[in-house]
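Undergrad: Please read through the structure below; I'll follow up with questions.
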Amino acid sequence: MDKRKLILVSNDDGIDAKGLQSLIRIAKQFGDVFVVAPERGQSGMSHSISLTTPLRVRYLEKSDELTICAVPGTPVDCVKLAINQLLPRRPDLMLSGINHGSNSAVSVIYSGTMGAAIESSLYGINSIGFSVLDHSPNADFSLVEKYGPQLVAKVLEEGLPNQVSLNVNFPIIEDSEYKGYKFCKQTSGVWNEDFEKRTDPHGRDYYWLTGSFLNAELENEDSDEWALANNYASIVPIKIDFTEYKTLEKIKNWKI
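When the letters of the sequence shown are read in order and numbered with this note's numbering, they come out as residues 123 to 378.
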């Protein structure tokens, strides 16, 4: 008899996040689930790791079918620790999320959710990061719970290329409005950031990060932002190779 699949699950919103519970329900449909997630929210931590702080593991549940533990570190800490120390064997799949808030376009480089998925993919493990376009602690994850398993099943069946993960974002719409998955490129654009200056009760100034995304290709139907604006869930394959190959060929001719 084939061994049951082993699914590693993590996130960046923390062990108590509603999105994590939704992702556990999805993962349990495919095998045994091992959750290693941050003790507290770690949004925006990208691929950061803890180098000066020891990592302690707090088990909340432990059985053959479901193990849940919290780690006082980053999402990437959780994945590294899980793969190298905690898991009984190499996982068949890694799922990250479900993130409270979008990780489309350039947001992917800041995302702790995708940091976890990308880290897992570096070990050659099929990895998917799920997000919804709602930052609310009580966000609606029903679309992901209904349609996410279709994608998980396909990835388990087909596999992904080595060190490639999927960045999946769902719009916040009614089921009747949902048009399905759309395979996309990452939208070009930047965050137009601002810092709101405030003063605390002691007269000391502090700054609160705000801003908005400036979409450089509003009409590009191959982009993830277009897909989300038009009631699709976007799927963008991610590979962690920052080399810009056209520029590389050009600067090879520089005389330095």
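Glycine included, C-beta positions come from ideal geometry on N, C-alpha and C.
Cα separation between Ala275 and Asn260?
TA: In the sequence shown, residue 275 corresponds to position 153, counting from 1. In the sequence shown, residue 260 corresponds to position 138, counting from 1. Going by the C-alpha atoms only, they are around 27 Å apart.
Undergrad: At which residues does the beta strand (DSSP E) containing Trp313 begin and terminate?
TA: Translated into the one-based positions of the sequence shown, residue 313 becomes position 191. From DSSP, the beta strand (DSSP E) with Trp313 extends over 311-321.
Undergrad: Would you list, in sequence order, the uninterrupted beta strand (DSSP E) runs of no fewer than 3 residues that lie entirely inside the region 337-363?
TA: You should have 355-361.
Undergrad: Tell me the DSSP secondary structure of Thr369 in three-state form.
TA: Translated into positions along the sequence shown, residue 369 becomes position 247. DSSP places Thr369 in helix when its eight states are reduced to three.
Undergrad: Rank Val193, Gly141, His257 by C-alpha distance to the C-alpha of Ser218 and give the top, closest one.
TA: Here residue 218 is taken as the residue at index 96 of the sequence shown, counted from 1. Here the closest residue by C-alpha is Gly141.
Undergrad: Could you check whether the region 285-297 touches the region 348-362, counting it as contact only if at least three pairs of C-beta atoms, one from each stretch, sit closer than 8 Å?
TA: yes
Undergrad: Is the Cβ-Cβ distance between His222 and Asp134 less than 7 Å?
TA: In the sequence shown, residue 222 corresponds to position 100, counting from 1. In the sequence shown, residue 134 corresponds to position 12, counting from 1. No, Cβ-Cβ distance for His222 and Asp134 is not below 7 Å.
Undergrad: Return the CA-CA distance between Ser132 and Ile362, expressed in angstroms with no decimal places.
TA: Taking the sequence shown and counting its residues from 1, one reaches residue 132 at position 10. Taking the sequence shown and counting its residues from 1, one reaches residue 362 at position 240. Their Cα atoms are separated by approximately 19 Å.
Undergrad: Leaving out the 5 sequence neighbours to the left and right, which residues in its chain are closer than 6 Å to Ser168 when beta-carbon positions are compared?
TA: If you number the sequence shown from 1, residue 168 lands on position 46. Excluding residues within five positions, the ones whose Cβ falls inside 6 Å are Tyr232, Gly237.
Undergrad: Near Leu244, what residues of its chain come up, given a Cβ to Cβ distance below 8 Å and the 5 sequence neighbours on each side ignored?
TA: For the purposes of this step, residue 244 is identified with residue 122 of the sequence shown, where counting begins at 1. Excluding residues up to 5 positions away in sequence, Gln285, Ile362 lie with their Cβ nearer than 8 Å to the Cβ of Leu244 in the same chain.
Undergrad: Quick check on the burial criterion: 16 or more other C-beta atoms within 10 angstroms. Buried or exposed for Gln308?
TA: Sequence index remark: in the sequence shown, residue 308 carries index 186 (1-based). Counting Cβ neighbours within 10 Å, Gln308 comes out buried, since at least 16 surround it.
Undergrad: Are there 16 or more other CB atoms within 10 angstroms of the CB of Glu343, so buried, or fewer, so exposed?
TA: For the purposes of this step, residue 343 is identified with residue 221 of the sequence shown, where counting begins at 1. Exposed: under 16 other Cβ atoms inside 10 Å.
Undergrad: Going by CA-CA distance only, name the one from Ala227, Ile357, Leu188, Arg126 that's closest to Tyr269.
TA: Residue 269 sits at position 147 when you count from the first residue of the sequence shown. Of the listed residues, the one whose Cα sits closest to Tyr269 is Ile357.
Undergrad: With 16 other CB atoms within 10 Å as the buried threshold, where does Asn248 fall?
TA: Locating residue 248 in the sequence shown gives position 126, where the first residue counts as 1. Under this definition Asn248 is a buried residue.
Undergrad: Which first and last residues belong to the beta strand (DSSP E) in which Pro176 is found?
TA: As a working note, residue 176 is residue 54 in the sequence shown. Run containing Pro176: none; DSSP gives neither H nor E here.
Undergrad: By a C-beta neighbour count over all protein chains shown, 10 Å radius and 16 as the cutoff for buried, is Asp214 buried or exposed?
TA: The residue given as residue 214 occupies position 92 in the sequence shown. Counting Cβ neighbours within 10 Å, Asp214 comes out buried, since at least 16 surround it.
Undergrad: Bridge partners for Pro160 per DSSP, in chain order?
TA: For the purposes of this step, residue 160 is taken as the residue at position 38 of the sequence shown. Per DSSP, Val193.
Undergrad: From Asn353, Pro176, Glu267, Leu188, pick the residue whose C-alpha is nearest to that of Lys301; which is it?
TA: Locating residue 301 in the sequence shown gives position 179, where the first residue counts as 1. If we check each option's Cα against that of Lys301, Asn353 comes out closest.
Undergrad: Can you tell me whether DSSP reads Met123 as helix, strand or coil?
TA: The count along the sequence shown starts at 1 and reaches residue 123 at position 1. At Met123 the pLDDT is 38, less than 50, meaning the model places this residue with poor confidence and gives no usable figure here.
Undergrad: Please work out which residues of its chain come closer than 7 Å, Cβ to Cβ, to Ala139, disregarding the five sequence neighbours upstream and downstream, and give them in chain order.
TA: The residue you call residue 139 lines up with position 17 of the sequence shown. Correct list, in chain order: Asn133, His222.
Undergrad: For Asn115, count neighbouring C-beta atoms within 10 Å of its own C-beta (all shown protein chains included) and say buried if the count is 16 or more, exposed if not.
TA: The requested residue 115 does not occur in the structure, where the chain is confined to residues 123 to 378.
Undergrad: Please report the residue range of the beta strand (DSSP E) in which Lys304 lies.
TA: The residue you call residue 304 lines up with position 182 of the sequence shown. Annotation: the continuous beta strand (DSSP E) that includes Lys304 extends over 303-305.
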